[in-house]
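Trainee: In our numbering, the protein residues as written are 4 to 76.
1. For residue 4, which residues of its own chain have a beta-carbon under 6 Å away from its beta-carbon, when the five flanking residues on both sides are left out?
2. Give me, in chain order, the residues of the same chain whose beta-carbon lies closer than 6 Å to that of residue 64; leave out the 5 immediate sequence neighbours on both sides.
3. To the nearest angstrom, how far is it from the Cα of residue 32 to the Cα of residue 54?
4. Are there 16 or more other CB atoms within 10 angstroms of the CB of residue 56, so buried, or fewer, so exposed?
As structure tokens, this is what we get:
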């Protein structure tokens, strides 16, 4: 899945350094694991995701970050 312009703009405005590059990977991984990537994106854009999970995702530890998010949500 490719990011739509609105989501891309929101991420740019949030200045999530390193996150934007990884987000397509996160979405693809979430789809493979049958997780709700829309719920994930919504929480991310509202900054409701734990900082430790964001750090894991920014550092490209995508599977670990998604697993943590899945457990906590």
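Where a beta carbon is used, it is the ideal one built from N, C-alpha and C, also for glycine.
Mentor: According to the structure data:
1. The predicted position of residue 4 is uncertain, since its pLDDT is 48 and thus under 50; a value taken from the coordinates is nonetheless stated next. So the list reads 30, once near-sequence residues are dropped.
2. none
3. 20 Å
4. buried
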